[in-house]
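Novice:
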DNA sequence: AAAAAAG
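Numbering (the UniProt record's numbering), first residue to last: 1 to 579.
Rendered as structure tokens:
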């Protein structure tokens, strides 16, 4: 590895420790870590960042234990040990290895970004390696996680641990061809199966996977707090009914938060005699307590210009890598459309990810952003939890998140494993107080942005130029995405009516303002009407008879964008660039 | 209709 320009000052210890963990402290500014652990892509030398001295902070989640110690004590077999590309264990890993290898049930509390995946995969696989190789139809380890991308991330690590062995891992997620999965399940080993709940149930019902789940020895529920959400419950019950019963399997449950709801579930799925492991001590402040966080309250109409200014400023720093969260998939999509169309950001790659993209596009975007040295990802809450994008310098959030918890999870994409990070929350005036007055929010070190005044000052040149750029770009954009964003906005804020003490008319007025003045939606007929909604949509939102809505009869040749009557199937967006 | 997740 030849030293890039500027690397000569790098402390030599950075390079002398090839086995220092990378994923565990992604922002460790060692060269190797900067190039991203999952990357195989060649990086132009000229783009390599200047390494900074290693911060002691980055070692925060590391323990003094080494994987080599576990190997020396006979805890890890040679083959597995050799496939672990890290030298030091993280704290969670050190604590979970022995109990899991001994076959105990574990309730683990650990934030993501602390090496949690390795903490359960390595010991589970170690157990597997100690037994005779099972017949090919056996699924020894079943992992359930709440998003597709998280499953793929886990699968990647399992593949690494299985490299060159007879064992195989497969993922079973929605959005990809089910027949291919069915065939692979039939023809190839799946010693570790990693699944989202919905698709796993689909396979139970339609691929006769149920009986094979009875061969599961270790059952892992990752991001368990999220898996307990309403929408997952039915699937989880079906899965629990098929998988090996709890007294004859090992269950590992991981959750970032531990509240009564989780404890109740733990009681149901874990054996009475399980081990509780936590790495969150009083001394070790939670990430969200140490990350620098600012908020800006402004009008809806100024949000985009403020965001543009923030990105512009960040673009002048060496390696900006930012995630911008929006509350709706359509909101993230239109923000991506807006900012990718702005000429200032030629050198700053833009990415988008949300449920309205095809799964193929989602995977491409996530992979590209993971390995990117800089860029901005416009995201819905798909990536809010557990996703590991290396070296995120800042997380911006636009609009009230659905809960303080969600705010904290999103923020956790930056400052991973003790690294530096920064958060900005942009709120519209009508939503600010309700969120900021919540107890959980008040307990955060979240402060007014020191430059809030200037950033939102209509008479400043910086604001004026940003606003002008936003207006121009929206004006040039097609109306379909705007109509979709309008509908999503209405649907999202519909849930806040009570909290905001809004009447239905207030909701409609605000949504119309959003479409007409913010997005600059113009009806194809040249009128000043807001985007059309189907009677059915209006009915489902409980807005029948509210003035200001543009209700249209369903048309047989309907342009989609205002209903179309589909439920959850994501109409794949055609536009896609490989970034 | 509103993150996500089955189509």
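Using N, Cα and C, we set each Cβ at its ideal position, and we do this for glycine too.
Values in this document were obtained by computation on a predicted structure and should not be read as measured data.
Hey, is the segment 385-398 in contact with the segment 421-437, meaning 3+ C-beta pairs nearer than 8 Å?
Specialist: These segments touch.
Novice: Taking the beta carbon of residue 540 as the centre, do at least 16 other beta carbons fall within 10 Å, making it buried, or is it exposed?
Specialist: Under this definition residue 540 is an exposed residue.
Novice: Compare the Cα-Cα distances from residue 137 to each of 533, 477, 169, 148 and report the closest residue.
Specialist: If we check each option's Cα against that of residue 137, 169 comes out closest.
Novice: Who are the near neighbours of residue 491 in its chain, counting only those whose CB is closer than 8 Å to its CB and skipping five residues on each side?
Specialist: Excluding residues within five positions, the ones whose Cβ falls inside 8 Å are 328, 541.
Novice: Closer than 8 Å is the cut-off here; do at least three beta carbon pairs connect the segment 74-93 with the segment 119-134?
Specialist: In short, these stretches touch, since the Cβ pair count reaches three.
Novice: In or out: residue 186 buried (at least 16 other Cβ within 10 Å) or exposed?
Specialist: That one is exposed.
Novice: Using a 10 Å radius around the Cβ and a threshold of 16 neighbouring Cβ atoms, would you call residue 478 buried or exposed?
Specialist: By the neighbour-count rule (16 or more Cβ atoms within 10 Å), residue 478 is not buried but exposed.
Novice: Excluding sequence positions up to five away, which residues of its chain have a Cβ less than 8 Å from the Cβ of residue 511?
Specialist: So the qualifying residues of the chain are 486, 489, 490, 493, 530.
Novice: Contact check, residue 243 vs residue 276 under 8 Å by CB: the rounded distance?
Specialist: At roughly 22 Å, the Cβ-Cβ gap does not stay under 8 Å, so residue 243 and residue 276 are not in contact.
Novice: Quick check: the segment 261-276 against the segment 405-414, are there 3 or more CB pairs under 8 Å?
Specialist: Contact fails: fewer than three Cβ-Cβ distances are below 8 Å.
Novice: Go through its chain and collect everything with a Cβ distance to residue 425's Cβ below 6 Å, but skip five positions before and after it.
Specialist: Contacts found: 295, 397.
Novice: Go ahead and pull the three-state DSSP assignment for residue 47.
Specialist: For residue 47, the predicted structure reports a pLDDT of 36, less than 50, and the residue's modelled location is therefore unreliable. A value from the coordinates is still provided. Helix at residue 47.
Novice: To the nearest angstrom, how far is it from the Cα of residue 384 to the Cα of residue 235?
Specialist: Those two C-alpha atoms are separated by around 22 Å.
Novice: On a Cα-Cα basis, can you pick out the residue from 533, 341, 543 that is closest to residue 502?
Specialist: Considering only alpha carbons, the answer is 543.
Novice: Thinking C-beta only, is residue 114 closer than 7 Å to residue 147?
Specialist: Contact flag unset, no.
Novice: Give the straight-line distance between the Cα atoms of residue 192 and residue 143, rounded to the nearest whole angstrom.
Specialist: Using only the alpha carbons, I get a separation of about 7 Å.
Novice: Start and end of the alpha helix (DSSP H) containing residue 155?
Specialist: That run of the alpha helix (DSSP H) goes 148-162.
Novice: Does the distance from the C-beta atom of residue 92 to that of residue 66 stay below 7 Å?
Specialist: Contact flag unset, no.
Novice: Given that a residue counts as buried once 16 or more other Cβ atoms are within 10 Å of its Cβ, and exposed if not, what is residue 287?
Specialist: Buried, because 16 or more other Cβ atoms sit within 10 Å of the Cβ of residue 287.
Novice: Would a C-beta distance cut-off of 7 Å place residue 379 and residue 323 closer than the cut-off?
Specialist: For residue 379 and residue 323, yes; Cβs fall inside 7 Å.
Novice: Using 7 Å as the threshold, is the C-beta distance between residue 62 and residue 88 below it?
Specialist: Yes. Within cutoff.
Novice: Anyone know if the C-beta pair for residue 305 and residue 452 falls short of 7 Å?
Specialist: Going by C-beta atoms, residue 305 is not nearer than 7 Å to residue 452.
Novice: DSSP three-state label for residue 232, please.
Specialist: Helix, per DSSP.
Novice: Can we say the segment 247-259 touches the segment 90-110, given the rule of at least three CB pairs closer than 8 Å?
Specialist: Touching, per the Cβ criterion.
Novice: Below 6 Å CB to CB, which residues in the same chain sit around residue 213 once its five sequence neighbours on both sides are set aside?
Specialist: Around residue 213: 242, 243.
Novice: Let me check understanding here. Comparing Cα to Cα, which of 408, 365, 538, 200 lies closest to residue 149?
Specialist: The residue with the shortest Cα to Cα distance from residue 149 is 365.
Novice: Just list the residues that DSSP pairs residue 294 with in beta bridges.
Specialist: Looking at the DSSP assignment, residue 294 forms a beta bridge with 424, 447.
Novice: Quick check on residue 532: does DSSP put it in helix, strand or coil?
Specialist: DSSP places residue 532 in strand when its eight states are reduced to three.
Novice: Only counting the same chain, and skipping five residues up and downstream in sequence, which positions put a Cβ closer than 7 Å to that of residue 475?
Specialist: Result list for residue 475: 520, in chain order.
Novice: Going straight from the alpha carbon of residue 569 to that of residue 232, what length do you get?
Specialist: For residue 569, the predicted structure reports a pLDDT of 43, less than 50, and the residue's modelled location is therefore unreliable. A value from the coordinates is still provided. Between residue 569 and residue 232, the C-alpha separation is close to 17 Å.
Novice: Less than 7 Å separating the beta-carbons of residue 172 and residue 152?
Specialist: No, Cβ-Cβ distance for residue 172 and residue 152 is not below 7 Å.
Novice: Could you give the DSSP three-state label for residue 580: helix, strand or coil?
Specialist: As shown, the chain starts at 1 and ends at 579. That puts residue 580 outside it, with no answer to give.
Novice: In terms of residues, what are the limits of the beta strand (DSSP E) holding residue 105?
Specialist: 105-109 is the span of the beta strand (DSSP E), which, as asked, contains residue 105.
Novice: Going by C-alpha distance, which of 80, 179, 362 is nearest residue 158?
Specialist: The candidate whose alpha carbon is nearest that of residue 158 is 80.
Novice: If contacts are defined as beta-carbon pairs under 8 Å, then residue 319 and residue 374 qualify, I think. What distance do you get, rounded to the angstrom?
Specialist: Contact flag correct, Cβ pair sits at about 5 Å.
Novice: Nearest by alpha-carbon distance to residue 167: which of 527, 407, 534, 130 is it?
Specialist: Answer by Cα proximity: 130.
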